[in-house]
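Residue numbers (our numbering), protein chains in the order written: chain A, 19 to 508; chain B, 561 to 904.
C-beta: ideal position from N, C-alpha, C; glycine also.
Working notes, structure below.
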Amino acid sequence: MKAFKQPFSFISAALLCYFLIPYLIFLKYFNLDFNLDYAEAWWAFKNSSLQAFVTAVIVTGLSIPLSFGVFTLKNPWFALTQKLLLLPQILPALFSILIVFSMVDPFPMGTTGIIIIFTVMHLGFATVLLTAATQERMGSFGLIAEVYDVGRFKFYRRVYCPLMKSNLLTIFVLVFIFCFASFSVPLVAGGGRGTNLEVLIYEKIFINQNWSLAWTLNLLQSFFIFILSYLILKKSALPKVDFEDSKYMQFRLGRVGLFIYLALYGGGYLMGLVKARGALAQFQALLPEIILATQHTLKIMVFYILINILLLITWVYDYVKSGRQNSSRHLLATSTILVGFSFYLLIPETSLGDYFKIILSMTILFFPPLFRSFLEKPLDQLDSQILTCKIFNISTSKIVFTVVLRQIKKPIFLWLSFLTIWFLSDFAILKSLGVRTATVGLMAESFLSSYRLSLAYLLSFYILIVWVFTLLAIYLLKGVFGVINKKFAS
Amino acid sequence: MKHFIFFLALIFSGLSFFYFNKEDKVNVVEDRTIRIYASASFVAKWGPGPALKELFEKQNIFKVEFIESPDVAMTLQKLNFEKQNASADLILGLDQFDIARSAAKIEWRTLPALSDDMISEVAGALKSQNQFMPYDWAPMTFVGRQDLKVQIDQLDDLLKPELKGRIALQDPRTSSPGLQLLIWIFETKPTEQAIVYLKALMKQAHSFSAGWSGAYGLFKNKQADLVFSYVTSPIYHVVEEHDSSFVSIEMKEALPIQIEFAGIPKTCKNCEGAEQFLRFMASQEAQKIIMNKNYMLPVIERAKEATEFDAIKVYRTLPIKFYDQEKIEKWINQWTEIRKNEGL
């Protein structure tokens, strides 16, 4: 689309500014302080990089056979397995840590330990990502290769790997970034290498109360990730194709691996739930508060989803008009505590203020990584169609609504399901925002910080149920809107 | 698709209108409202906040509004920024370290003597300052299960080979209890010995969690045999879970104490109400609520009479101290260096 690229777009700048709000707030309130202990910062950087790199290699590698394992399943198991694979992304990090410690005993503390926990936490997510990407990219290549009997390994080497290279690289970078900016796992399992940049940021706040230094460290971390994302995640504009299942895309050993992974993680979680059943009476007694918190959460979530959809439409509009993806897609690991604190400083502590804070911070933190995970590639694949439309002078809004969004319904639904579950289960961001509105995520956190681990387990299960119902509601709404749309159109 | 967007915009603006209107009615802060910043566990239904609010509002003309504080460090930084515009009348949940850190940044009101029967352990905290009122406290020690096979009487016993990798600790860089343990070691041993001891303790530690809840979760999940916590922790399990298998361990060394303080910033808007609330917090009724809901000891002696807390043996404790920032940083740096050199 080079011929149609605009040198400057107001919408692009506005979008970028939106995602840079926390940085702009910090620039206003704090001076940069480069009086760092560079040896300490380098040590932390090396630790973060080593742990993140090894984990990303292992997770990306393992997600390939596991995604082939997913393709051996038929619906409803296919859909259910993908939901179950997301369990480690949904539960608080402490649960994953406890489950892994129970699975691996004695647990190897140190770098090995960190990598094991990270792998367990991100493998499911990577598998879901790769399964979705494979469906988007592989088309009928698997089936054709099978018909021509090219052989499984030749197919992987000559067709699968070259075609999926950019998706695998995306998964690698995303896992790397999630691990790089992690806070609690390196501390718990870290041994001597428990210090990473995120820990240093927190230390500067907690011990030294030096926000300028914390802000400088965060800026360095964000800059590194921005550069990494900019350099590695290049655009790949192969068109989207319809997926045809084939024997080469299925791998029985992958199914076994999938089963072991889910049995160990899910089993560990179920064990925790069974142990927590003693707290069922306490949980019932707190049910009115939990329901109230659910109502608050769902109310905010309606706005949150709408804002995300509006942001997405603006993003797509800008993409079609300017011919390039917005640069804010590289803002993948802004420090939670610094985003939280910037809005905590700026927005008043009222219920309405809470709504603004939550929606702003969650969209800023969740939109870029989830956009990269689910929507960037499908959008890029529509490049040639957008170009054709432009040649025929079709208006931008018509391209957006009738050409682009209609064709990426499935990735949008996947993207929405992640937006909702991250929203429902989050407490770290809400805590750093200092919100007064009770939400289910915050309730789980206050259970954890007041001896009530069993109640936190039960609440996490409740959150899972709420998530499933939310997805059902979104799915139904999508259908209703589809019908309304058709009526209006006719 | 345009219609879809139209519908979305319609719903969004409708909902916004509803909420904007609702806020106008609900969020009118009355002059008599006391705005109190407190932690999530204090404000939660199972925490002392709601019961204190109810009782206080029955006895006084003031209304209480609790505002959840994300983290004391963040709340203090916000106060520092807002200066005269700050809306906080009272801050709860400050510990010894927060007081030392905030002394130079925030101005606090001098408090009159709010109670004359403070117990000796916390009364010491009032000798060196008169701007913060202690409202609960607990000595900190190691908590284990009754079936623990190892005899522990002193810090050195933690280095027994049976406990290798079996103690859940907190990271002093991110957690207040973690910092308490570090200071305890440096306070009870000469510096050289403390460093040697810390090196040995690294091997005994199961892990260093980011906060108290992580370490306690590991201990509850039986990943660790001991956890550094409050002497009052076993009471929670007796009262809420009817489980008396948890014990806090008495040590030969005097134990460090964690005191929670309340302070009124000079920028308070309802200073009279805040002072009234502090007076109320020092009353026997309020102290009982705090004790029962927070699982911490009351600061006035009579409050725990004829309760489970009366059975808690309050072991010998270290006198309360407010440490210089520089000293804390030095100890943290020593800890970090030892941890770093521990290898993989």
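Asked                                                                                                                                        : Found
Simplified DSSP assignment, three categories, for residue 663 of chain B                                                                     : coil
Ranges of the alpha helix (DSSP H) found wholly within the stretch 322-391 of chain A, counting only runs of at least 4                      : 354-364, 369-388
Sequence-distant residues of the same chain with beta carbon closer than 7 Å to residue 704 of chain B, five excluded per side               : 785, 786, 807, 809
Cβ-Cβ distance between residue 696 of chain B and residue 889 of chain B below 8 Å                                                           : no
Validate contact between the stretch 45-54 of chain A and the stretch 230-245 of chain A using beta carbons, cut 8 Å, 3 pairs                : yes
Any non-hydrogen atom of the ligand ADP closer than 7 Å to residue 443 of chain A Cβ                                                         : Only the bare structure without any ligand can be found here, which leaves the ligand ADP out of the picture.
Local Cβ density within 10 Å of residue 197 of chain A, reported as buried at 16 or more and exposed below that                              : buried
Chain-order list of residues whose beta-carbon lies under 7 Å from that of residue 213 of chain A (same chain, five-residue window excluded) : 61, 62, 65
Distance between residue 629 of chain B and residue 754 of chain B (C-alpha atoms, nearest Å)                                                : 35 Å
For residue 286 of chain A, three-class secondary structure by DSSP                                                                          : helix
Nearest to residue 597 of chain B (by Cα), restricted to the options B:591, B:718, B:613                                                     : B:613
Contacting residues, own chain, Cβ-Cβ under 8 Å from residue 396 of chain A (five flanking each side not counted)                            : 154, 258, 425, 426, 429
Limits of the beta strand (DSSP E) - the one that residue 654 of chain B falls within                                                        : 650-654
CB contact check: residue 588 of chain B to chain A, cutoff 8 Å                                                                              : Low confidence applies here, because residue 588 of chain B scores a pLDDT of 45, under 50, leaving its location unreliable; read the following figure in that light. No, residue 588 of chain B lies away from the interface with chain A (no Cβ there is under 8 Å from its Cβ).
Residue-level contact to chain B via CB, residue 230 of chain A, 8 Å cutoff                                                                  : no
Chain-order list of residues whose beta-carbon lies under 6 Å from that of residue 741 of chain B (same chain, five-residue window excluded) : 788
Beta-carbon proximity list for residue 746 of chain B, same chain, < 6 Å, skipping 5 on both sides                                           : 754, 891
Chain B contact for residue 95 of chain A (CB, 8 Å cutoff)                                                                                   : no
Chain A contacts made by the stretch 636-660 of chain B, where a contact means CB separation under 7 Å                                       : 637, 638, 641
Reduced DSSP category for residue 472 of chain A - H, G, I as helix; E, B as strand; rest coil                                               : helix
Contact under 8 Å by Cβ, residue 365 of chain A with residue 374 of chain A                                                                  : yes
C-beta neighbour in chain A for residue 703 of chain B, strict 8 Å                                                                           : no
Secondary structure of residue 630 of chain B, DSSP reduced to three states                                                                  : coil
Residue range of the beta strand (DSSP E) that includes residue 694 of chain B                                                               : 692-705
CB contact check: residue 202 of chain A to chain B, cutoff 8 Å                                                                              : yes
Residue nearest to residue 307 of chain A in terms of C-alpha spacing, selected from A:33, A:458, A:482                                      : A:458
Neighbour list for residue 605 of chain B in chain A, Cβ cutoff strictly below 8 Å                                                           : 304, 307
Residue range of the unbroken alpha helix (DSSP H) whose run includes residue 215 of chain A                                                 : 215-224
Local Cβ density within 10 Å of residue 486 of chain A, reported as buried at 16 or more and exposed below that                              : exposed
Top-ranked residue by Cα proximity to residue 835 of chain B, from B:633, B:668, B:654, B:637                                                : B:668
Beta-carbon contacts of residue 284 of chain A that lie in its chain and below 7 Å, excluding the five residues immediately before and after : 102, 105
The stretch 265-283 of chain A touching the stretch 74-92 of chain A, judged by at least three CB pairs closer than 8 Å                      : yes
Candidates B:855, B:699, B:664, of which the one nearest residue 875 of chain B by Cα                                                        : B:699
Residue-level contact to chain A via CB, residue 963 of chain B, 8 Å cutoff                                                                  : Summary: the structure shown does not reach residue 963 of chain B, with chain B confined to residues 561 through 904, and so no result is reported for it.
C-beta atoms of residue 191 of chain A and residue 141 of chain A nearer than 8 Å                                                            : no
Residue 449 of chain A at chain B interface by Cβ criterion, 8 Å                                                                             : yes
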